[in-house]
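Last residue of the sequence shown? That's 390 in our numbering, and every number before it is there in order.
Note sheet for the following structure.
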Amino acid sequence: MQVESWTRWPSRELGRDHRSRPGLLLSWGGRLAMLVTVTTSTVAGKRFTGLPAVVSGVGLVATVLLFWLFVRLTTRRRLGWALVVAAQLLVVAGSVHQAGAVTLADFSWCALAVISLVRMPLVAAVPICAGALIGFSVTSGNGYLALIATVAGLILVGWLIRLDSEARATANRLQQQEHAARAAEAESAALDERARIAREIHDVLAHSLSAQLVHLEAARLMLDGGADREQVKERVVAARRMAQEGLKETKQALSALRGEFTAVGEFLVELADQERAGLTVTGTPRPLAAETGLAVRRTAQEALTNIRKHAPSAHRTIRLSYLPEEVELEVRNTASPASGISAELADSGSGYGLLGMRERAELLGGSLRAGPQPEGWSVLLRLPA
């Protein structure tokens, strides 16, 4: 980990797009002011004549171009070429200092020391910074205390800017990760909602359409067997009634999706009356959570639909028990399935009813057991409540 910290490039993910317009104006204004100051101090003065003036002018242009190239190379993380350009900057700074452009040389050494610390891996930044500061210290006419303060200040400024840049980049990455996590959470919630709507649609269709199918299939069998017209009509009327109930259940399902629910006890009373089933409620009734109440409703509907399809003559019972920490629903048929049910009628339905009930229970932290009993078939639902 220590070696990696010396060889990795500093994080610089906050580009121009992440900076405000005033910040950009201030940054470029500062660069322009610094360039004007260095240029003026380089070319002004009567002492710059002949060869020193030419060297100073060429050195100024070369310094600007090399710094621009150095920044571009470090941005693209081209370490080898960046080292070559840094070495050239050190040479140019020494040359212009010999020509008398002391301000330009000092600026080049100090700027290279700070920029290398900010933009390069430490394994390369430390030697470059040391070389630049040594060149500045050797040619500087300041006293020891002023020189030490200047060198320490440059190192501190470069290190603090590096840390600030990495901190900003880390904050930017964390923000991007948070946005990605929120997007994934929203997508997961959308998928869960789709699954819930799919279960609602299945429950309504399975309960309503399969009930109509039972009566219409029975009417068809009666017609094939030459039954009395009134008996066939009775089945058709029953199918019509089931269609009306299906429309009502559809409206209830839409209300449930909007979070509007009727009391579970009231719903089971109506359902038991429609299905001619016995209803028993034990324990002290209490309000249930919306999802828990919906699971009880749909499980009761699906279980009675299966009984109607596969054992239409069976005696049906519904038991709702309010336990201290749970609610328990049992739907049972206590007679063997009636004979004479056609294969077409028995095979009606999607086949996902039991799976949907079990998934609904498990999502709420409960369980569902369905299977044969000594006297018929039982569906037992337990949910935390």
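Built from N, CA and C at the ideal position, the CB exists for glycine as well.
Since we're looking at a predicted model, the values are computed, not measured.
Inset, instruction - Name the residue from 323, 134, 108 and 186 whose alpha carbon lies nearest to the alpha carbon of residue 164. - result: 134
Legend entry - DSSP state of residue 14 mapped onto helix, strand, coil: coil
Inset, instruction - Buried or exposed for residue 9, please, with buried defined as at least 16 other CB atoms from any protein chain shown within 10 angstroms of its CB. - result: exposed
Inset, instruction - Give every residue of the same chain whose Cβ lies closer than 8 Å to the Cβ of residue 175, excluding the five residues on either side of it in the sequence, and list them in chain order. - result: 16
Inset, instruction - Helix, strand or coil for residue 132, going by three-state DSSP, please let me know. - result: Residue 132 carries a helical assignment under DSSP once its states are collapsed to helix, strand and coil.
Legend entry - Cβ-based burial, residue 202 [other Cβ within 10 Å; buried from 16]: exposed
Inset, instruction - For residue 386, name the three-state secondary structure that DSSP assigns. - result: The answer is strand: DSSP assigns residue 386 an E or B state.
Legend entry - Simplified DSSP assignment, three categories, for residue 328: Residue 328 falls in the coil class under three-state DSSP.
Legend entry - Close beta carbons around residue 366, own chain, < 7 Å, minus the five adjacent residues each side: 300, 372, 373, 386 and 388
Inset, instruction - Specify the secondary structure class of residue 333 as computed by DSSP and reduced to three states. - result: strand
Inset, instruction - Classify residue 153 as buried or exposed, calling it buried when 16 or more other Cβ atoms lie within 10 Å of its own Cβ. - result: exposed
Legend entry - Other residues of its chain near residue 282: CB distance less than 7 Å, five sequence neighbours each side excluded: 309, 321, 322 and 323
Inset, instruction - Could you have a look at residue 215 and say whether DSSP puts it in helix, strand or coil? - result: helix
Inset, instruction - Please classify residue 148: does DSSP put it in a helix, a strand, or coil? - result: Residue 148: coil per DSSP, three-state reduction.
Inset, instruction - Assign residue 297 to one of two classes, buried (16 or more other C-beta atoms within 10 Å of its C-beta) or exposed (fewer than that). - result: buried
Legend entry - Backbone secondary structure at residue 142 - three-state DSSP: DSSP places residue 142 in helix when its eight states are reduced to three.
Legend entry - Where residue 372 sits in the DSSP three-state scheme: Strand.
Inset, instruction - Would you mind working out which of 91, 377, 363 and 292 sits nearest residue 328, comparing C-alpha positions? - result: 292
Legend entry - DSSP state of residue 321 mapped onto helix, strand, coil: strand
Inset, instruction - For residue 168, count neighbouring C-beta atoms within 10 Å of its own C-beta (all shown protein chains included) and say buried if the count is 16 or more, exposed if not. - result: exposed
Inset, instruction - Classify residue 255 as helix, strand or coil using the three-state DSSP reduction. - result: helix
Legend entry - Proximal residues to residue 32 (C-beta, below 6 Å), its chain only, five neighbours per side dropped: Note that residue 32 has pLDDT 49, beneath the 50 cutoff, so the model's placement of it is unreliable and no number is given.
Inset, instruction - Using the Cα positions of residue 155 and residue 181, report the straight-line distance between them to the nearest angstrom. - result: 39 Å
Inset, instruction - Give the DSSP bridge partners of residue 338, in chain order. - result: 321 and 382
Inset, instruction - Drop a sphere of 10 angstroms on the beta-carbon of residue 90, count the other beta-carbons inside from all chains shown, and report buried for 16 or more, exposed for fewer. - result: buried
Inset, instruction - Express the C-alpha separation of residue 186 and residue 271 in angstroms, rounding to a whole number. - result: 42 Å
Inset, instruction - Just mark residue 318 as buried or exposed, buried being the case when its beta carbon has 16 or more other beta carbons within 10 Å. - result: exposed
Legend entry - Short CB-CB distance (under 8 Å) between residue 280 and chain C: Given the protein chain composition of this structure (a single chain), no chain C is represented.
Inset, instruction - Please report the Cβ distance between residue 87 and residue 72, rounded to the nearest whole angstrom; I am assuming they are in contact, meaning their Cβ atoms lie under 8 Å. - result: Residue 87 to residue 72, Cβ: 12 Å. No contact.
Legend entry - Span separating the alpha-carbon of residue 111 from that of residue 177: 35 Å
Inset, instruction - Starting from residue 298, follow the alpha helix (DSSP H) in both directions and report where the run begins and ends. - result: 295 to 315
Legend entry - Beta-carbon proximity list for residue 338, same chain, < 6 Å, skipping 5 on both sides: 312, 316, 319, 321, 381 and 382
Inset, instruction - Give me the Cα-Cα distance between residue 123 and residue 195, rounded to the nearest whole angstrom. - result: 44 Å
Legend entry - Boundaries of the alpha helix (DSSP H) in which residue 85 is found, first to last residue: Following the DSSP letters along the chain, one finds residue 85 inside the alpha helix (DSSP H) bounded by residues 84 to 103.
Inset, instruction - For residue 352, I'd like the list of residues in its chain whose CB is within less than 8 Å of its CB, leaving aside the five on either flank, ordered along the chain. - result: At residue 352, the pLDDT of 40 sits below 50, so the modelled position is not reliable; the number obtained from the coordinates is stated separately. Cβ neighbours of residue 352 beyond the five flanking positions: none.
Inset, instruction - Return the first residue and the last residue of the alpha helix (DSSP H) that residue 289 is part of. - result: Counting along the chain, residue 289 falls outside any alpha helix (DSSP H), and DSSP gives it neither H nor E.
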